[in-house]
C-alpha cells in the first residue's frame with residue numbers, strides 16, 4: 479500500500495504530468511461552468527455545435543498555412559483563428575434558424591452540427607491528399623494534446639477561468655433572471671449584453687481549450703457535468719459548484735487513468751478518457767441521484783406499493799373483525815408468496831399469529847386500520863361535496879387514502895365540519911387525543 483502511494487506521489491509530482499493535469503483541470507472546470515448556463519437554457523447541445531463547427535475552421539486555417547507555406551506556431555494560430563470564425567458563424571446560423579424560420583432549438587442544433595461537420599469532413603479529405611503533414615496536425619485537435627501543455631498554457635487557462643468565475647459570481651442573479659424569464663430580463667435591459675457576453679466567453683473558453691483538450695473532450699465536458707449536477711441539487715448556485723467539482727474530478731481521474739492504463743504499445747488519449755470518466759459520473763447520477771434517480775425512484779415505487787398492500791391488508795382484517803388465513807389474505811392482495819410474506823413481516827408489530835397460519839389485528843394494528851378507514855371515508859365525503867357521484871368516490875378514495883397526511887386530514891375536517899358518516903352511510907372512525915376509536 480505504501481509503495482502504491484509513493485508511486486502516485488511520484489506521478490503527480492512529475493513536472494510534465496502536473497502541468498498537463500492542472501491545465502486540463504482548469505479547462506474542464508471552465509467548460510463545466512459554461513455547460514451549466516446552456517443546460518439552464520435547455521440547450522446542452524450547444525457545446526456539440528461549437529466543438530464540431532470548429533472542425534472546418536481548423537482545416538480552412540490549414541489551407542491558408544499550406545498556401546503561404548506557414549509552419550510551426552503561426553500555423554497553430556491559423557488553426558485557432560479559423561476555428562473561431564466557423565464557431566461564431568455556427569452560433570449565428572443557430573440564432574438565425576430559430577428566429578427567422580421559427581425552428582425549434584433541437585432541429586436548429588442538429589442542422590448546424592450536421593452541416594458544419596459535413597463540410598469539415600469534406601475539407602479534411604481534400605487536406606489529406608494536399609498535405610498529409612498538416613492533416614496530421616489537424617487530426618490531433620480531435621483528441622487533444624494534453625501532454626504537450628506548457629506553463630504558459632496553464633497561466634492562460636487560469637486567467638480565462640478566473641474571468642469566468644468573476645462573471646458568474648457577479649452576474650449569477652442576472653443569469654438566473656435571464657434564463658428563466660427573458661421578457662422580464664429584457665425589460666430591465668440586461669438581456670442583450672448578457673447574451674452577447676455569454677457567447678463571447680463561451681467561444682473564448684472553447685477555442686483556448688481546443689488545442690489541449692480536443693473536440694471530443696470539449697463537446698463532452700460542456701454537457702455531462704451539468705447534466706450530472708442536476709440530479710443532485712436544486713439551486714442554480716449549487717449546480718455551478720457541483721458541476722465544477724465533477725469537471726475537475728473527471729480531469730484528474732481521466733489524466734491519471736490515461737497514464738496508468740496506457741503503457742508501452744498502448745496509447746490512450748487523455749481527452750477521451752476524461753470524457754469517459756465524466757460520462758460514468760453522469761450515468762451514476764442518473765441512476766442514484768436523489769432528484770429523480772432511476773434506481774431510487776424504483777425503490778420508492780416499490781416501498782409505496784408494499785405500504786399500500788400493508789394498509790389494504792389492515793383494512794380487510796379490521797372490516798372482517800376476525801382472523802384470516804394466509805391463503806385468503808394472499809388471494810385478497812393479489813401478490814406472490816414472497817411479496818405476501820414481506821408484507822406480513824413488515825406488519826409484525828400490528829398483527830398476531832392466531833392458530834395455524836391465521837392472522838388477526840392487535841390494538842396497534844386496529845388503531846392504524848381505523849385511521850386508514852377514517853381517511854378513506856373523509857375523502858369520500860369531500861369528493862361527494864364537490865360533485866362526484868357515490869359510485870365514483872370509493873374508487874378515488876382507494877387511491878388517495880395512502881398519501882393523505884395529518885395536515886390534510888385537519889384541513890378536511892375543517893372544510894367538512896367534522897362529518898360522522900360517509901356518503902354510503904358508513905360510520906367514520908372517531909379520533910380522540912390521537913387514538914382512533916375502534917368501536
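In the working numbering, the protein residues as written are 479 to 917.
Don't be surprised by glycine CBs; every beta carbon is placed ideally from N, CA and C.
Here the structure is a predicted model, which is why all the values come from computation and not from measurement.
Could you check the C-alpha separation between residue i and residue j for me, to the nearest Å?
i: residue 849; j: residue 778; result: 23 Å
i: residue 723; j: residue 766; result: 18 Å
i: residue 504; j: residue 699; result: 12 Å
i: residue 582; j: residue 797; result: 57 Å
i: residue 497; j: residue 521; result: 32 Å
i: residue 619; j: residue 545; result: 21 Å
i: residue 533; j: residue 782; result: 51 Å
i: residue 806; j: residue 707; result: 48 Å
i: residue 510; j: residue 540; result: 29 Å
i: residue 514; j: residue 523; result: 12 Å
i: residue 859; j: residue 891; result: 10 Å
i: residue 646; j: residue 704; result: 15 Å
i: residue 793; j: residue 773; result: 30 Å
i: residue 754; j: residue 841; result: 57 Å
i: residue 912; j: residue 851; result: Because residue 912 carries a pLDDT of 44, less than 50, the predicted location of this residue cannot be relied on, and the following value inherits that uncertainty. So the alpha carbons of these two residues sit roughly 15 Å apart.
i: residue 738; j: residue 634; result: 27 Å
i: residue 570; j: residue 655; result: 23 Å
i: residue 770; j: residue 756; result: 19 Å
i: residue 693; j: residue 536; result: 11 Å
i: residue 695; j: residue 622; result: 8 Å
i: residue 579; j: residue 776; result: 42 Å
i: residue 882; j: residue 828; result: 20 Å
i: residue 590; j: residue 565; result: 10 Å
i: residue 874; j: residue 853; result: 12 Å
i: residue 680; j: residue 815; result: 58 Å
i: residue 888; j: residue 661; result: 41 Å
i: residue 530; j: residue 567; result: 12 Å
i: residue 604; j: residue 752; result: 31 Å
i: residue 862; j: residue 871; result: 7 Å
i: residue 916; j: residue 879; result: Residue confidence is low: residue 916 scores 44 on pLDDT, short of 50, so the model does not pin down where it sits. No coordinate-derived value is stated.
i: residue 906; j: residue 896; result: 10 Å
i: residue 821; j: residue 788; result: 6 Å
Since I believe residue j is in contact with residue i (beta carbons under 8 Å), could you give me their beta-carbon distance rounded to a whole number of angstroms?
i: residue 638; j: residue 611; result: Going by Cβ atoms, the distance from residue 638 to residue 611 rounds to 30 Å, so no, they are not a contact pair.
i: residue 726; j: residue 632; result: Not quite, the Cβ-Cβ distance comes to about 14 Å (not below 8 Å), so this is no contact.
i: residue 868; j: residue 902; result: 6 Å
i: residue 733; j: residue 746; result: Not a contact, Cβ separation roughly 10 Å.
i: residue 636; j: residue 709; result: Between residue 709 and residue 636 the Cβ distance is about 30 Å, and since that is not below 8 Å, they are no contact.
i: residue 818; j: residue 811; result: 6 Å
i: residue 525; j: residue 760; result: Not a contact, Cβ separation roughly 14 Å.
i: residue 904; j: residue 855; result: 6 Å
i: residue 720; j: residue 730; result: About 16 Å separates the two Cβ atoms, so there is no contact after all.
i: residue 795; j: residue 839; result: 5 Å
CB of residue i to nearest heavy atom of the ligand ZN: below 7 Å?
i: residue 844; result: This structure lacks the ligand ZN; in fact it carries no ligand of any kind.
Measure from the alpha carbon of residue i to the alpha carbon of each residue in the options, then state which is nearest.
i: residue 629; options: 569, 499 and 761; result: 499
i: residue 508; options: 685, 818 and 574; result: 685
i: residue 587; options: 557, 527 and 548; result: 527
i: residue 799; options: 812, 525 and 844; result: 844
i: residue 823; options: 561, 791, 853 and 847; result: 791
i: residue 674; options: 627, 759 and 573; result: 573
i: residue 547; options: 608, 604, 795 and 780; result: 608
i: residue 785; options: 802, 877, 728 and 538; result: 877
i: residue 813; options: 676, 731, 780 and 885; result: 780
i: residue 893; options: 907, 857, 871 and 880; result: 857
i: residue 909; options: 729, 864, 847 and 880; result: 847
i: residue 671; options: 837, 712 and 649; result: 649
i: residue 616; options: 557, 517, 803 and 750; result: 557
i: residue 657; options: 517, 897, 896 and 905; result: 517
i: residue 627; options: 687, 561, 758 and 641; result: 687
i: residue 677; options: 653, 659 and 801; result: 653
i: residue 601; options: 758, 560, 750 and 576; result: 560
Could you tell me the boundaries of the alpha helix (DSSP H) in which residue i lies?
i: residue 576; result: 551 to 578
i: residue 810; result: 804 to 811
i: residue 526; result: 524 to 545
i: residue 606; result: 583 to 608
i: residue 746; result: First-last for residue 746: undefined, no H or E at that position.
i: residue 815; result: 815 to 824
i: residue 870; result: 868 to 878
i: residue 628; result: No alpha helix (DSSP H) contains residue 628, which DSSP labels as neither H nor E.
i: residue 702; result: 702 to 708
i: residue 773; result: 772 to 798
i: residue 906; result: Per DSSP, residue 906 belongs to no alpha helix (DSSP H) and is neither H nor E.
i: residue 719; result: 714 to 739
Kindly say whether residue i, judged by its beta-carbon, lies nearer than 8 Å to any beta-carbon of chain B.
i: residue 897; result: In the displayed structure, chain B is absent; only one protein chain is listed.
Could you check where the beta strand (DSSP E) with residue i kicks off and where it finishes?
i: residue 890; result: It is not in any beta strand (DSSP E) - residue 890 instead sits in the alpha helix (DSSP H) that spans 884 to 894.
i: residue 836; result: 836 to 839
i: residue 829; result: 829 to 831
Would the stretch 550 to 563 and the stretch 713 to 729 be scored as touching if the rule is three or more Cβ pairs under 8 Å? no
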